[in-house]
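>
Residue numbers (UniProt numbering): 1 to 287.
1) At a cut of 8 Å, does the region 133–143 reach the region 211–228 through at least three beta carbon pairs?
2) Just reading off the beta strand (DSSP E) that residue 31 is part of, what are its end residues?
3) On a Cα-Cα basis, can you pick out the residue from 284, 268, 29, 281 that is closest to residue 149?
4) Does residue 94 come out as helix, strand or coil in the three-state DSSP assignment?
5) Indicate whether the contact test is met: 3 or more Cβ pairs, each with one atom in the region 216–235 and one in the region 112–120, closer than 8 Å.
6) Determine which residues share a DSSP beta bridge with residue 138 and list them.
7) May I ask you to report which of helix, strand or coil DSSP gives residue 11?
8) Using beta-carbon positions only, say whether residue 25 and residue 12 come within less than 8 Å of one another.
9) Using three-state DSSP, classify residue 151 as helix, strand or coil.
10) Secondary structure at residue 251, three-state DSSP: helix, strand or coil?
11) Please report how far the alpha carbon of residue 235 lies from the alpha carbon of residue 129, in whole angstroms.
12) Out of 115, 100, 249, which one is the CA nearest neighbour of residue 161?
13) Does residue 20 come out as helix, strand or coil in the three-state DSSP assignment?
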């Protein structure tokens, strides 16, 4: 690394919010990282961090320094990696909570066209600080606003309505009545959607019995669509699964807009890696 260990420690503590997390990422113990921060503050003659009970946050002067250095530091890491290994970062990490299939598909296609490796992961809001973003190559697609010093909101994307997908014949057997359908069938939904206000309202309307007996949590709605054809299941989803082999047998029933306003918040790393530039046109044109 061309930059000093003091600066490396400073950037790691900023990105991970605590000495212990920064030390873990840097494969060091906490005391040497703490000493690097102290020595860096003495060298600059500035207090860079506020020591708090559950971590460390930047002072005004620390924030100014981080803003000035973050892009340069990311570029330096790429240059260092190139000269040590002969390669630079050519991968993008995409984290999403649930649904978002049309956006993820678009990013996959753009990355493939640009010759970029793309890795897709699920994330939980409670674990946002555990997302490894040390290379500045991360995108977040979130149904809820994310509070983090490491990610910047690009814009809000239209996500459409949350709806119910089920077999057409099943809906007809319920006299085309949505309430009957909800009461009679097993619900499939992704864990974070299950925690949403919409699902909590529906569970209250249909009683606690539904909560214990008729809700199955699944890791991906598209992976379980075959159940909709074979059994009395319905799936909460954010679009009609047109790519499913059984799509002609399925129906998508949008829930009322007042109950199911649904948006997607698009975030990217504040430390911008150059690999993101390769698909920036796709990122900016997502809709």
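Beta carbons: idealized from backbone N, C-alpha and C, even for Gly.
Quick look at the numbers:
1) no
2) As a first step, residue 31 must be located in the chain shown, where it is residue number 31. Residue 31 -> not in any beta strand (DSSP E); alpha helix (DSSP H) instead, spanning 30–44.
3) Residue 149 sits at position 149 when you count from the first residue of the chain shown. Here the closest residue by C-alpha is 268.
4) By 1-based counting over the chain shown, the position of residue 94 is 94. Residue 94: strand per DSSP, three-state reduction.
5) no
6) Reading the chain shown from its first residue, position 138 is the one you call residue 138. Residue 138 is bridged to 93.
7) As a first step, residue 11 must be located in the chain shown, where it is residue number 11. The answer is helix: DSSP assigns residue 11 an H, G or I state.
8) Looking up residue 25 in the chain shown gives position 25. Looking up residue 12 in the chain shown gives position 12. With contacts defined by Cβ atoms closer than 8 Å, residue 25 and residue 12 form a contacting pair.
9) Translated into positions along the chain shown, residue 151 becomes position 151. Strand at residue 151.
10) In the chain shown, the residue the question calls residue 251 occupies position 251. Three-state DSSP puts residue 251 in a strand.
11) Counting from 1 along the chain shown, the entry for residue 235 is found at position 235. Counting from 1 along the chain shown, the entry for residue 129 is found at position 129. Roughly 30 Å between the two C-alpha positions.
12) As a working mapping, residue 161 is identified with position 161 in the chain shown. Residue 100 is the option with its Cα nearest to residue 161.
13) Mapped onto the chain shown, residue 20 falls at position 20. Note: residue 20 maps to helix in three-state DSSP.
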